[in-house]
Amino acid sequence: MATLYITSAETFSGKSALCVGLGVRFGNDGLKAGYMKPINTHCLLREGVAYDEDVAFAKQVFSMPESLEILCPVALTPAKYEQQLRGPETDYEPRLMEAFDAVSAGRDVMVLEGGRSLREGYIVGLPPKHVVELLKARPILVVKYDDGMMVDRVLTAQSYFGDVLMGVVINEVPRTRLDHVQDVVTGYLTRHGIPVLGVLRKDQLLAAPSVAELAEGLQAEILCSADHTQELVEHMLVGAMSVESALTYFRRKPNKAVITGGDRADIQLAALETSTRCLILTGNLYPSAAVLNRAEELDVPVLLSNLDTLSAVDIIEGYFGRSRFQQPAKIDRFMALLAEYFDFATLYKGLGLSPK
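One rule links them: number in our numbering = place in the sequence shown (from 1) + 187.
As structure tokens, this is what we get:
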């Protein structure tokens, strides 16, 4: 059996997406793939029980019968963190090994999802390098493209893991920088003994939050078309112009959220005549019946927020590139990117696997 450990040097780099994408590909190739998240040091509580949304989604994608407690055996809630600080300290290694043995039985390949960085897990005696050694895994680093410290982060991971590092995936590369990364950056890393398994271009859809996520973040009331809040918002525009220029402005961006004051019925109606995923009305000003009726006809949710426009924009901007990956449209798009840009031949060869 082969085991992969997907890790990253920073948050929101695409680690969970790669885990899901590899799981889907392995399954399509006839391999029995399993999933685990050995450690979660930032665990949420749901009804008093540790819960990880990424693990719950991966459980569904990988068709795993095991419980969430088995798939994420070391879930560090605030109470457990405090207990570890005060003592006596819990030895979590046996729990991890027992869960891994149970989940991996009968599998061709295991995909392990690492934490938010290479600095996690030390408090429970299970830093990434030790987990890799215990579970005989091959780490793959997912790094988000930037013009600054990206290469240093990759070299740091190489220094940390040593020769067991299987390679790196450079994610969210702008189209204008693809050639540079594929030629210059890849050449540099290859010369330094680091295989580049994939250079994935930036895709607006993958960074898009859903209407529901925006409504949750704004604590907004959904006035209509609540059954269409899973639609993805790829752009955001503020409707603060004259109605004469509004249509031309709104037509520039498809699949957008339009933010405007609740009293700007003219702007709201203009936005609804273009590709708009939702209207976000600020100032807690209720829209006119004409706007609500038209939005209902077009299945466009209208969100009512008590925030001012600037505050709403600040919150919404924080969701782009940090949204959930669970939507089917995102999975399909990411699988297409992997098919185009990921080196599955090198991956399979390194793991000693082949499609069945």
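For every residue, glycine included, the Cβ atom is placed at its ideal position computed from N, Cα and C.
query, result
"Kindly provide the ranges of any alpha helix (DSSP H) runs that are 4 or more residues long and lie completely inside the segment 474 to 534, ordered along the chain.", "476 to 484, 496 to 504, 515 to 528"
"Among all the DSSP beta bridges, which residues are the ones paired with Glu408?", "Leu491"
"Could you check what DSSP says for Asn471 in three-state terms: helix, strand or coil?", "coil"
"Considering only residues of the segment 197 to 232, which uninterrupted beta strand (DSSP E) runs meet the minimum length of 3 residues and lie entirely inside it, listed in chain order?", "220 to 223"
"Looking at C-alpha atoms only, which residue of Ser412, Ile446, Thr447, Arg464 is the closest neighbour of Glu418?", "Arg464"
"Could you please give me the residues that DSSP links to Val372 through a beta bridge?", "For Val372, which the question treats as bridged, DSSP gives no partner whatsoever."
"Please state the DSSP three-state secondary structure of Ser250.", "coil"
"Short check: CB of Tyr506 to CB of Glu359, under 8 Å?", "no"
"Do the segment 253 to 263 and the segment 220 to 239 make contact, defined as three or more Cβ pairs closer than 8 Å?", "yes"
"Would you mind working out which of Val330, Asp370, Val368, Leu365 sits nearest Gly354, comparing C-alpha positions?", "Val330"
"Buried or exposed for Gly308, going by 16 or more other Cβ atoms inside 10 Å?", "buried"
"Within the same chain, show all residues whose beta-carbon is closer than 6 Å to that of Gln545, passing over the 5 residues directly before and after it, in chain order.", "Shown here, the chain extends from 188 to 543; a query on residue 545 therefore has no answer."
"Short of 8 Å in beta carbon distance, which residues of its chain neighbour Gly210, apart from the five on each side in sequence? Order them along the chain.", "Ala220, Tyr222, Ala245, Val248, Phe249, Val298"
"Is DSSP giving Gly312 helix, strand or coil here?", "coil"
"So, are the CB atoms of Ser304 and Ala196 less than 8 Å apart?", "yes"
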